[in-house]
Structure formats: C-alpha cells, structure tokens
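Below is one structure, written out as structure tokens; the observations come after it.
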Amino acid sequence: MRLSRYFLPVLKENPADAQIVSHRYMLRAGMIRQQAAGIYSWLPLGFRVLKRIEEIVHQEQVRAGHIPLLMPTLQPADLWRESGRYDDYGQEMLRIKDRHERDMLYGPTNEEMITDIFRSHVSSYKDLPLTLYHIQWKFRDELRPRFGVMRGREFLMKDGYNFDIDKEAALHAYNRHMVSYLRTYERMGLTAIPMRAASGPIGGDNTHEFLVLANTGESEVFYDDRVTALKLGSREIDYDDRGQVAEVCKEFTTLYARTDETHDEAAFGQIPEAHRKVGRGIEVGQIFYFSTKYSEPMGAVVVNDKGERVPVHMGSHGIGVSRLLGAIIEASHDDKGIIWPEGVTPFPVGIVNLKQGDSAADAACEGLYKALKARGLEALYDDRDERAGAKFATMDLIGLPWRITVGPRGLSNGVVELTSRRTGESEEMSPEAAVDRVAQIYEGR
Ligand code: ATP
Ligand code: MG
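Numbering-wise (numbering that gives the first Met the number 0), the sequence shown opens with residue 0 and increments by one.
Right, dumping it as structure tokens:
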C-alpha cells in the first residue's frame, strides 16, 4: 500500500477524552472513529488489525475441531422467553420492535439461538460431539462504555458453543477451548492467564476468564507470578486426546490466579511472598461449562446409545475480538506509539523514502515494494513528499514492527537500513538482504 493513496487520518493532537493509552493511540493512528457512545467505525488501519485478529481466532478454532457458522445480530425475543433470560438480562439488552410490533433484540450473546438451531437439526448421540462458533457483532447497552473498543456497546465477539452427550465429554470440550485460547493469545503476542472466575448471568460452575495483565485493566487480579512464565510454545496438541489436553489445562491452572470475584485470601497466603502479586487485568475471553441449563428448558435432547432421550451438556466460550486490539496495545507500546507484535500487525513492514523525488531513492523503494510483494508481504510505503522526521513519527505511531529506510546516502554505498520498532536497533544491508530478512521473520505466520 502506498501511503499517498491510503486513508490514514492520523491526529497530531492528543484526543482529550481518551483516558488510556490504547484508546489514545487508536484515535491518533486513525484506526477508529467514534460514532456514538461505545459505537465505532473501523477505519482502514484498524480494520486490517481487526481482520487479522479474526483470522487467527478462526484458524485456532478450526484447528481444535470447531465449526464456524454465522448467526444474525437481531434475534426474536421469544427465544429468550423460553430460557427465562428475556426479563433477567435487564437494561444491558437493546430491545427493538419491528413494524408488526414484534419484540426483537440485538443479541448480547447467542446461547438461545444456537440451542434452537441444535434442537431443530440434531436428535441422536451419533451426531455428537459438536462445537459450533461464530464471530459476530454483539450489543450490550453498557452503563459506562469507555476506554474506546475495550468497553464498547457494539463489539465483535467470537462465541462458541459445545454440545456433548455427558459431563465428561463436555469437560473435554471445555479443556479444548482453554488450550485453543492459549494458543490464540500467544500468536497475538499476548500472555493471557486463565483465572478461575464467577459465572454471572450465563450460569454454570466451571468457568475461567483469560486476563492480560495491564495497569489499566478493569479487573483486580491475584496471582502467583510464576504463572506468567508458562508458554504453550510450538508443542503439538492432539485435540482429540483427552489426556493430553487435560494435562495442558492442569499445567496452566495449578498456580494460583484469580480475579477479585473468586479470590481466596487464605489460599493466596500460601504462595511464597516473593511470587505473590496483586495487579490489574483486562478480560479478553471466558469459557463456561453450564451443564443442561439451556438444553433442558429449551428441549435440546438427543437419543443416547441406550435409546433414552437426554438433554445435552453444553458450554459457551467467548473471545473479545475487538477488545483484543486495545489489550494488545496496552501490553505493547512506548511513548512514541504502538508496537504491533508480528502476528497481528496491519502491515509487516514500512518503507520510508527519505528523499521522495530522488530518482535513485524512488527506484530503490519501488524495487523493495515489489520484491516484498513477490514474497507475499504487503509493505506500507511512505511515498509522500514529507520531511523524514514526520515520516518516522507516523511509522512509530502506527507501530509496524519493521521499517526499511531508504536514502541517497546509503544507496551510494549499496545499503538501506532495517530497523526494529521494538528495540530501535538498526542494521545496514543491501536491499535484497533486507527483503530476505523480513521474509524470514514472517515465515509461517
Ligand atoms: P466484562 O466483565 O468485561 O463486562 P463479560 O464477562 O460480561 O465482560 P462475556 O460475556 O464473558 O463478557 O463475553 C466474552 C468476551 O467478550 C469478554 O471476555 C470480553 O473480552 C468481551 N467483551 C465483553 N463485553 C465487552 C464490551 N462491552 N466491549 C468489548 N468487549 C467486550
Ligand atoms: Mg466474561
């Protein structure tokens, strides 16, 4: 993408109403625009990151054996009357009437609708296990929408639902979600810690929230800091292997890690003092096993292998896709701007032409741009007629992990400069070597 032809409305001034750094940088980098309280347009740069995050979420869900579909944003109220949640949900639910005076709502979540789909099409244990998920916009009329996309009213969520014949199978589905979520967050450059949580209006006993540590987080968290060193890494996971998946979950949930809702002072006190930490965290996901809470009242039953009709065991599992942009920025930035992890960056690399109009510099930039494209990498090429300082400031603000700087002086020695946004370190090399290096960094992502 050539910056001269792109739409990147960066702001010079700090937006006065943005209280936390991720909100400030998302506005300044021209990623989002607020259209009403807690409702945003996703401008091109923000949209690219959002799509990238969605893609990673999809890939890891499919890898775990879960099946994507798409349910609508608007739902009939009658489904929610069946589960009893239409009245329970309260003012967070946006209620709408259509022209026939029928009660509708903008879905805050989809347990009822997925249960309806299930009961209409599945009637035998032979069709289980089944996990369906979608990535769709939700609406919750939050009392205090704030912090930009972190607590929006309209927000993008991945929500998945498992249907299983018994508790044991459903707990395997729960564990599968935990492991696939760990991998999802790691690919985004995040450490998200599973913490035992309280269940709230969705119901159920088994539930974990995934928290990214950040001072600006809304949840108070209590943890053994050795939990932050745990990594899934590149180990192979066989998602059908109940034993292996359960082992991984145990590894990640044995050390103490809880939110204030489930905090147990006595157990916390057992942690060696040097490792005992209190902090704040951002909830980026939550998983639940809730047994037959929806399947019973809504008649989601199957015939089991003994010929009996039994309600299925269910769970639901959410990832805050749009909130993740804020969480990643909170975890990865400096005073100049965002520092995108390679896994989610909107462009893999930026090209800065120090002297636009200089024929050698222009030709070298074009060459780099094309060579990167041929390797499957779309660079953001700053081809504007601007001062070098302004170009660097924009690149630093929008946070591409790598920058190639091209100028007449270097070119006379046959070199360009490759700079890491994270460390600030630069290295001179030939344009070909720079392309190779960048291609290597992104291999397999
Ligand atoms: P919170 O406690 O932050 O209000 P929640 O527990 O009500 O969230 P869930 O029902 O667990 O939310 O939804 C799954 C995920 O969706 C959450 O873990 C979070 O990442 C994201 N999410 C929830 N509410 C919002 C919101 N208002 N704006 C953006 N993301 C949200
Ligand atoms: Mg939650």
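Ideal placement from N, C-alpha and C gives every residue a C-beta, glycine not left out.
| Contact check, Ile403 vs Val351, beta carbons under 9 Å | yes
| task | For the stretch 358-416, list the alpha helix (DSSP H) runs that are entirely contained and at least 4 residues long, ordered along the chain. | result | 358-373, 387-397, 407-411
| message | With distance defined between alpha-carbon atoms, name the residue in Pro271, Met70, Ile338, Lys354 nearest to Pro347. | response | Ile338
| request: Note the first and the last residue of the continuous alpha helix (DSSP H) segment covering Gln90. | output: From DSSP, Gln90 is part of no alpha helix (DSSP H); its letter is neither H nor E.
| query | Can you tell which of Tyr105, His312, His99 has its C-alpha closest to the C-alpha of Leu170? | reply | His312
| query | Where do the N-terminal and C-terminal ends of the alpha helix (DSSP H) with Pro347 fall, by residue? | reply | Careful: Pro347 lies outside any alpha helix (DSSP H) and carries neither H nor E.
| field | Rounded Cβ spacing between Gly336 and Ala15 (contact assumed at less than 8 Å) | value | That belief does not hold up - the Cβ atoms of Gly336 and Ala15 are roughly 18 Å apart, past 8 Å.
| message | Nearest by alpha-carbon distance to Pro75: which of Tyr85, Lys354, Asp259 is it? | response | Tyr85
| task | State the start and end residues of the unbroken alpha helix (DSSP H) segment that holds Ile113. | result | 110-120
| message | Can you look up Arg279 in the DSSP assignment and give me helix, strand or coil? | response | strand
| field | Residue closest to Arg80, alpha-carbon to alpha-carbon, out of Asp304, Leu379, Pro296 | value | Pro296
| query | Based on Cα-Cα distance, which residue from Gly388, Glu385, Ala387, Glu365 lies nearest to Glu377? | reply | Glu365
| Do the CB positions of Ile55 and Arg145 come within less than 9 Å of each other? | Their beta carbons are not under 9 Å apart, which means Ile55 does not touch Arg145 by this criterion.
| With contact counted as at least three CB pairs below 8 Å, one residue from each stretch, are the stretch 157-174 and the stretch 118-133 in contact? | yes
| request: Could you tell me the distance, in whole angstroms, from the CA atom of Tyr222 to the CA atom of Leu229? | output: 13 Å
| query | For the alpha helix (DSSP H) that Leu44 lies in, which residues bound it at each end? | reply | 43-62
| task | Under 7 Å Cβ to Cβ from Ala266, same chain only, skipping five residues before and after it: list those, please. | result | Tyr255
| message | Our contact map puts Met425 next to Val414 with C-beta atoms below 8 Å; I'd like the distance itself, whole angstroms only. | response | Rather than Met, the amino acid found at residue 425 in this sequence is Ser. About 11 Å separates the Cβ atoms of Ser425 and Val414, ruling out a contact at the 8 Å cut-off.
| said: Run through the DSSP bridge pairs and tell me what Thr72 is partnered with. | reply: Beta-bridge annotation (DSSP): Thr72 is not paired with any residue.
| query | Skipping 5 residues on each side, what residues in its chain have a beta carbon closer than 7 Å to that of Ala197? | reply | In its chain, beyond the 5 residues on either side, Glu260, Thr261 have a beta carbon closer than 7 Å to the beta carbon of Ala197.
| Does at least one heavy atom of the ligand ATP sit under 8 Å from the Cβ of Ser429? | no
| task | Run the CB neighbour count on Ile38, radius 10 Å, all protein chains shown included, and call it buried at 16 or more, exposed below. | result | Exposed, because fewer than 16 other Cβ atoms sit within 10 Å of the Cβ of Ile38.
| query | Who pairs with Pro67 in a beta bridge, going by DSSP? | reply | Tyr132
| query | So what's Asp126 in DSSP terms, helix, strand or just coil? | reply | Three-state DSSP puts Asp126 in a helix.
| query | For Ile328, which option in Asn214, Asp263, Val220 has the closest C-alpha, if you only look at C-alpha atoms? | reply | Asn214
| field | Three-state secondary structure (DSSP) of Leu155 | value | Leu155 falls in the strand class under three-state DSSP.
| message | Just to confirm, is the Cβ distance from Leu104 to Ile134 under 9 Å? | response | no
| So who's on the other strand from Gln34, going by DSSP bridges? | Bridge partners of Gln34: none, in fact.
| Does the ligand ATP have a heavy atom nearer than 8 Å to the CB of Asp382? | Every heavy atom of the ligand ATP is 8 Å or more from the Cβ of Asp382, so no.
| task | Tell whether a beta-carbon distance below 9 Å holds between Gln355 and Arg383. | result | yes
| query | DSSP puts Val446 in a beta bridge; with which residues? | reply | Past the edges of the chain, shown from 0 to 444, lies residue 446, and the structure says nothing about it.
| said: Taking the alpha-carbon of Gly398 as reference, which of Gly388, Arg420, Arg150, Ser411 has the nearest alpha-carbon? | reply: Checked all of Gly388, Arg420, Arg150, Ser411; the closest Cα to Gly398 is Arg420.
| Exposure of Pro345, with buried meaning 16 or more beta-carbon neighbours within 10 Å | It counts as buried.
| query | Would you report the Cα separation of Asn412 and Thr206, rounded to the nearest angstrom? | reply | 60 Å
| Per DSSP, the bridge partner or partners of Gln285 | Glu208, Gly317
| query | Of the choices Phe287, Val320, Arg225, Phe289, whose alpha-carbon is the least far from that of Ala273? | reply | The alpha carbon of Ala273 has as its nearest neighbour, out of Phe287, Val320, Arg225, Phe289, the alpha carbon of Arg225.
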